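See below for the structure under consideration.
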Amino acid sequence: MIDISLSQTLRGHQNPIFALSAGLDSSTIYSAGNDKGVVEWDIAEGKFKRILCAVPASVYALHLLKERGILILGLRTGEVWVVDVKQQRLVQKLDTSKSGIFAIQSLVEKNEFIAIGEEGVAYVWSLDKFELLYRFRVSETTVRSMTLYRGGNHIVFGDKNGVVYLYEVSDYKEIIKSTVHSMPVTTLAVDDLYLYSGGRDAKLHQLNLLDLSTKEVVTAHLFTVYAAIPHSSLPLLATVSRDKTIKIWNSTTLGLLKNVSLERGFDSHRLSINAAIWVDNRLITAGDDKEIKVWDIIDHN
Numbered sequence: 025m026i027d028i029s030l031s032q033t034l035r036g037h038q039n040p041i042f043a044l045s046a047g048l049d050s051s052t053i054y055s056a057g058n059d060k061g062v063v064e065w066d067i068a069e070g071k072f073k074r075i076l077c078a079v080p081a082s083v084y085a086l087h088l089l090k091e092r093g094i095l096i097l098g099l100r101t102g103e104v105w106v107v108d109v110k111q112q113r114l115v116q117k118l119d120t121s122k123s124g125i126f127a128i129q130s131l132v133e134k135n136e137f138i139a140i141g142e143e144g145v146a147y148v149w150s151l152d153k154f155e156l157l158y159r160f161r162v163s164e165t166t167v168r169s170m171t172l173y174r175g176g177n178h179i180v181f182g183d184k185n186g187v188v189y190l191y192e193v194s195d196y197k198e199i200i201k202s203t204v205h206s207m208p209v210t211t212l213a214v215d216d217l218y219l220y221s222g223g224r225d226a227k228l229h230q231l232n233l234l235d236l237s238t239k240e241v242v243t244a245h246l247f248t249v250y251a252a253i254p255h256s257s258l259p260l261l262a263t264v265s266r267d268k269t270i271k272i273w274n275s276t277t278l279g280l281l282k283n284v285s286l287e288r289g290f291d292s293h294r295l296s297i298n299a300a301i302w303v304d305n306r307l308i309t310a311g312d313d314k315e316i317k318v319w320d321i322i323d324h325n
């Protein structure tokens, strides 16, 4: 059994929110979307903290490197921005193509980070001088999701055709690919046991890590699954969707533990939920209604 209760609703965005990131400590988060800035929030006090940086276009991805104090932004224009959080300074602007960047991951042991998006090409830069080291095509179509396996040896991508690709990190060579969804892959996440893939077909797949075979599959939502987020220490997986619901699952069995929506009596989102993150035992959600919701989760198991 788990209990979920709304702790805070953060308002201030003027347009839909597409991306969330944890902050440098557990009291702060970052949000961005179709507004002209990335916002830092104080979730300990439940209030706006500052505009971290102004941006010229929609932000589709946020990725924090806590140990370096930098936040990496993926923009609709194809630009990738590196922002020093403490100094509130734009460190570097990196160009890819003219199409949106949807996913960013850091490969700290290799001193690299990688970004991918609408054109299906992955770009790899160094983390010290921000030099472009490699570029390689993953797919002939849009890649909206990417995640790094724990241990850092493998990385996976999901494309618009429903295909999931497993790559070796050491040389960026494809190991295996599998058609998992009948529609685009919209989220990928991993824990110690499984890879989780959500799609526009409303399905959530629990995949074996090395051969991408499906262990379990559920119709998780009515519409697109926009985020699947495993908890860092508890056997919990949160999903959010265009159907305006938040669901909490047992990450091992994919058994549904909690269904959160306005219709079920929660003060939840009124429009599509586009992003979610865990901050300790708090689940943070955001979407098209321009609101960020902070949920307290209590696990009674």
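Numbered according to our numbering, the sequence shown spans residues 25 to 325. The C-beta atom is built at its ideal place from N, Cα and C for all residues, glycine as well. Just so you know, these numbers come straight off a predicted model, no measurement behind them.
For H178, the uninterrupted beta strand (DSSP E) run begins and ends at H178 to D183, by DSSP.
Shortest Cα-Cα distance from E315 to any of F72, A46 and D304 involves F72.
K110 sits in coil when the DSSP states are folded into three classes, being neither helix nor strand. Going by C-alpha positions, G102 is about 16 angstroms away from A56. D59 and L280 have their alpha carbons spaced roughly 34 angstroms apart. Beta-bridge partners assigned by DSSP to K117: W105. Within a 10 Å sphere around the beta-carbon of M25 sit fewer than 16 other beta-carbons, which makes this residue exposed. Contact between the stretch 224-233 and the stretch 199-215 is present: 3 or more CB-CB pairs across the two stretches fall below 8 angstroms. Per DSSP, E164 lies in no beta strand (DSSP E) segment and is marked neither H nor E.
In chain order, T203, V204, H205, S206, M207, P208, V209 and G223 place their CB closer than 7 angstroms to the CB of G186, counting only its own chain and leaving out the 5 sequence neighbours on each side. For the pair K317 and V303, the Cα-to-Cα distance works out to about 12 angstroms. The beta-carbon separation of V180 and T166, rounded to 16 angstroms, does not stay under the 8 angstroms limit for a contact. Around the beta carbon of I67, 16 or more other beta carbons lie within 10 angstroms, which makes this residue buried.
Counting only runs of 3+ residues, the beta strand (DSSP E) found wholly inside the stretch 269-303 occupies 270-274, 280-284 and 297-303, in chain order. S256 is the residue among I199, E142, S256 and K201 whose C-alpha sits nearest the C-alpha of R174. With respect to the 8 angstroms criterion, T120 and Y147 are classified as neighbours on the basis of their beta carbons.
In this structure, DSSP gives V79 a state outside helix and strand, which the three-state scheme calls coil. By the neighbour-count criterion, in which a residue is buried when 16 or more other Cβ atoms sit within 10 angstroms of its Cβ, K239 is exposed. For K134, the three-state secondary structure derived from DSSP is helix. Residue L118 holds the alpha-carbon nearest to the alpha-carbon of G98 among A213, V241, L118 and E287.
Rounded to whole angstroms, the separation of the alpha carbons of L114 and F154 is 13 angstroms. Going by beta carbons, I308 and I301 fall inside the 8 angstroms limit. Distance check between E287 and each of K268, G70, F126 and A299 places K268 closest, using alpha-carbon atoms only. Between I28 and I321, the beta carbon gap of about 5 angstroms places them in contact (Cβ cut-off 8 angstroms). Under the DSSP assignment, Y196 falls outside any beta strand (DSSP E); it carries neither an H nor an E label. Bridge pairing for Y189: F181 and K201 [DSSP].
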